[in-house]
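Trainee: In my numbering, the protein residues as written are 115 to 1024.
C-beta atoms are modelled at their ideal positions from N, C-alpha and C, and glycine is treated no differently.
Okay, here's the structure, questions in a sec.
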């Protein structure tokens, strides 16, 4: 038993990094560096034997420079195979007797063996299988070249001999490490290059290339050694030596097929073989011809490698290997079927558990499904499943084994550990698991949930898989069947992991379901609030649209109204008949009423910016009560004031707020004047410390539900004729919105209405306080008038009426239709006064004022405007306008103002 509390396991199927691989690669590089360089005589011989029809006489002279090579040639030429022809004592005679093919084979075998095998002849003998493969590849390469590229036959043979130079080196110099490569190929069905990479961090093709570069072999040989495992498309893309490499690559595959020395790789090489055959233009008939020619060609060249070249022996050896491979394949197939059945059981485990848990409605049921499914499906002999919910300070679990099951439940202490002393007793092994729970989960909270679920621990003989949820942690602790192999397979790991994932998700589902039930009322209330906000937003958007329409309509109405008003006043001043004068005065009074309505409408559409001061709302409300108290007393309606003493001073426009609350109080009076009632005015400081609330509540007739959404619309009113214009609440709405507040209505027919106004203590944007206004000195208009006046207005009728009125009063008048025309007249003439409209095409009145201000010394300017905003009028006064008058205007008042301005101008000049 492992005394360590917990041990993190590597996920089955994933190998830990091979710490010795880097050391093996370093050792390989050191051994390659220690290899002797290829002697110059060897290089010269290599250059000769790799050419087609090499010169024996020239080769003999090279061999004679090396005594060891000379002795080998003569020994071989005088061997039992050739002695019947007599003894030879000259190297050239020996070469002629042996023939080009034998000489080529003999020279290459001697060069490679002498360079790679340094004194260990036992090691050389142990690798005859590898030498046989190299020779078989060389023979196949020469035969393939003879069919496809005859000029490369000789070079192809030499390349075939050398193609596995790196593999020869690895098996001779690091045989123990290469044994691990062989194991991986046998047990894990890895390809040779993949297995070598896992063990050495390199492969034999790279090692062979390093040796070839050290020996300075020809580039064609180097490419063959390095690239003979590549596919046909890759070799076809090579600029040089691609054909030679393809020949040797195909020869390598055919040699493995014939000698049966790499049976596991044969199925993987079928596609590559077909591609190489297509690249070299070889059909199946040519390949069969090459196979038939292989055995005698191999026998002819086998003797220099000390190999048995007898064709019968070669056939029997291949047949024996084939039988061994068939037996091995049968055993592998049987094992594979067993593994597949085992994998299917664990694969189905996850889906079985998922199906059963989909209907689970309790924690005990979830753990019961997990336990029973693992026992029945994969033979788990026992286990322990539990979860901890810190928010509820609770741990629940299920212990099973030997056909018995029992549930356990414990409270959690301050450290989040179960109080096992206050519940049923647990085995020591499970106590160890629970005490070390936080060690396994504490550092995992920063990990992704998916990664946490892939963790795997072994504690006290239990295989532990985490249970992870949004607000809980737990574990699935499994005692595996004793029939299972010691090392867990990837399929077994995935089966248990899927059970833990499904259990985690199902537990999370239960938690979410409980949470959803608890929050159902909250969601319902939130939806209702959202609906109210949407309705309020629609109301705001509708009011904004109505406001824009109202502003446009008011502007279009106001100018014609000003013309009618002025013309009516002119007619009245010229009329001698008193009755007609009364009729004309009545028209003027109604025009003033219309004008007042238009101003109220503009106040709703574009309310003036608040002129912010510190306001005592309680004092303001008391003032309003004082104004209306007598009226309410007349109708026997008492007024109750519940004003909070904690109300702070707020930043607001006192005059605008007075207009708001006075409107609300008057509306309440109208609602109660028939049947009586009680008016209650209350103020409070809200708990957020940022807002105040004022309520005006009556007990009158109330507002029908169908009208609640329209009460802030301009001109909407439920009052009787003559009791309002329908602009009171719309104006109040605009003023409150301009103070960044909100106004709401609560009403029920027959029970009264409550208007709620909420205002910020400090508005987000505050306007600077206006400077104190100094009253203008009293002025008495003169009876006789004189002076030149420029009238600037884009409305022709207005210009005509003003010019006519001023001329009748004794003034000299010129007119301009826009700002540009006015500027031209000001440049060529002098004027004592300018009457100027603000909103005009081409150049506005403000543009004209700016130009006059830059030049300086301009005459008094009186602004006459229709529905310019308060900001525009303030801007005009800042730019130097002496007075601002709204249309429609009183002609007598206008003439008096003009006379006073001219008096002031003349007295200033004096």
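1) Residue 149 and residue 328 look like a contact to me (Cβ under 8 angstroms); what is the Cβ gap, rounded to whole Å?
2) Which value, in whole angstroms, describes the spacing of the CA atoms of residue 698 and residue 688?
3) Based on the DSSP output, what are the partners of residue 510 in its beta bridges?
4) For residue 800, which residues in the same chain have their Cβ closer than 7 angstroms to its Cβ, ignoring the five residues on either side in sequence?
5) Straight-line CA distance for residue 547 to residue 314?
6) Would you list the one or two residues that DSSP bridges to residue 577?
7) Taking only three categories from DSSP, how would you classify residue 599?
8) Buried or exposed, going by whether 16 or more other CB atoms sit within 10 Å of the CB of residue 627?
9) With burial defined as no fewer than 16 other Cβ atoms inside 10 Å of the residue's Cβ, what is the status of residue 755: buried or exposed?
10) Just checking my contact of residue 512 with residue 521 at CB under 8 angstroms: how many whole Å lie between their CB atoms?
11) Rounded to whole angstroms, what is the Cα-Cα separation between residue 919 and residue 743?
12) Just to confirm the assignment: which complete beta strand (DSSP E) runs, minimum length 3, are found wholly within the segment 718-763?
13) In terms of residue numbering, what span does the beta strand (DSSP E) encompassing residue 866 cover?
14) Can you tell which of 352, 550, 411 and 598 has its C-alpha closest to the C-alpha of residue 456?
15) Just to confirm, are residue 550 and residue 537 a CB contact at a threshold of 8 angstroms?
16) Provide the residue span of the beta strand (DSSP E) that contains residue 930, from first to last.
17) Where residue 814 and residue 797 are concerned, what is the direct C-alpha to C-alpha distance, given to the nearest angstrom?
18) Rank 491, 574 and 311 by C-alpha distance to the C-alpha of residue 498 and give the top, closest one.
19) Note down the Cα distance separating residue 397 from residue 258, rounded to an integer number of angstroms.
20) What is the DSSP secondary structure of residue 812, counted as helix, strand or coil?
21) To the nearest angstrom, how far is it from the Cα of residue 304 to the Cα of residue 295?
22) DSSP state of residue 352, grouped into three classes?
23) Taking buried to mean at least 16 other C-beta atoms within 10 Å of its own C-beta, is residue 143 buried or exposed?
24) Please report the distance separating the alpha-carbon of residue 680 from that of residue 924.
25) Look at the alpha carbon of residue 953 and the alpha carbon of residue 786, and state the distance between them as a whole number of angstroms.
26) What residue range does the beta strand (DSSP E) around residue 775 cover?
27) Please identify the residue among 811, 773 and 481 whose C-alpha is closest to the C-alpha of residue 870.
28) In whole angstroms, what separates the C-alpha of residue 608 from that of residue 576?
29) Spell out a yes or no on whether the segment 631-638 and the segment 950-965 are touching, meaning 3 or more CB-CB pairs, one atom from each, closer than 8 angstroms.
30) Helix, strand or coil for residue 518, going by three-state DSSP, please let me know.
31) What would DSSP say about residue 1000, mapped onto helix, strand or coil?
32) Determine the DSSP secondary structure at residue 978, reduced to helix, strand or coil.
33) Taking the beta carbon of residue 908 as the centre, do at least 16 other beta carbons fall within 10 Å, making it buried, or is it exposed?
34) Between which two residues does the beta strand (DSSP E) carrying residue 904 extend?
35) Go ahead and label residue 884 buried or exposed: buried means 16 or more other beta carbons lie within 10 angstroms of its beta carbon, across all protein chains shown.
36) Helix, strand or coil: which one does DSSP assign to residue 804?
Mentor: So, to answer that:
1) Residue 149 to residue 328, Cβ: 6 angstroms. Contact.
2) Going by the C-alpha atoms only, they are around 11 angstroms apart.
3) DSSP links residue 510 through a beta bridge to 501 and 523.
4) Taken in chain order, the residues that qualify are 806 and 807.
5) The straight-line gap separating the alpha-carbon atoms of residue 547 and residue 314 is approximately 40 angstroms.
6) The beta-bridge partner set that DSSP reports for residue 577 consists of 572 and 592.
7) Taken through DSSP and simplified to helix, strand or coil, residue 599 comes out as coil.
8) Residue 627 is exposed by the Cβ-count criterion.
9) Counting every other CB atom within 10 Å of its CB across the protein chains shown gives residue 755 a total below 16, marking it as exposed.
10) Indeed, because the Cβ distance is near 5 angstroms, the residues count as touching under 8 angstroms.
11) Their Cα atoms are separated by approximately 46 angstroms.
12) Runs of the beta strand (DSSP E) inside the segment 718-763: 727-729 and 753-757.
13) Element bounds for residue 866: 866-874.
14) Nearest of 352, 550, 411 and 598 to residue 456, Cα basis: 598.
15) Not in contact: residue 550 and residue 537 (Cβ atoms no closer than 8 angstroms).
16) Its beta strand (DSSP E) spans residues 926-930.
17) Taking the CA atoms as reference points, residue 814 sits about 20 angstroms from residue 797.
18) If we check each option's Cα against that of residue 498, 574 comes out closest.
19) Looking at the two C-alpha atoms, the distance is approximately 11 angstroms.
20) Residue 812: strand per DSSP, three-state reduction.
21) Near 9 angstroms, if we compare the C-alpha coordinates of residue 295 and residue 304.
22) Collapsing the DSSP output to three states places residue 352 in coil.
23) Flag for residue 143 reads exposed.
24) Spanning the two alpha carbons is a distance of roughly 18 angstroms.
25) Near 45 angstroms, if we compare the C-alpha coordinates of residue 786 and residue 953.
26) Premise fails: residue 775 lies in the alpha helix (DSSP H), 768-786, not in any beta strand (DSSP E).
27) Of the candidates 811, 773 and 481, 811 places its Cα closest to the Cα of residue 870.
28) Taking the Cα positions, residue 608 is about 16 angstroms away from residue 576.
29) A contact is defined here as three or more CB-CB pairs under 8 angstroms, and the segment 631-638 fails this definition with respect to the segment 950-965.
30) In the three-state reduction of the DSSP assignment, residue 518 falls in the strand class.
31) Residue 1000: strand per DSSP, three-state reduction.
32) It is a strand residue.
33) Under this definition residue 908 is a buried residue.
34) Residues 902-906.
35) Per-residue confidence for residue 884 stands at a pLDDT of 46, beneath the threshold of 50, marking its modelled position as unreliable; no derived number is given.
36) Assigned with DSSP and collapsed to three states, residue 804 falls in coil, not helix or strand.
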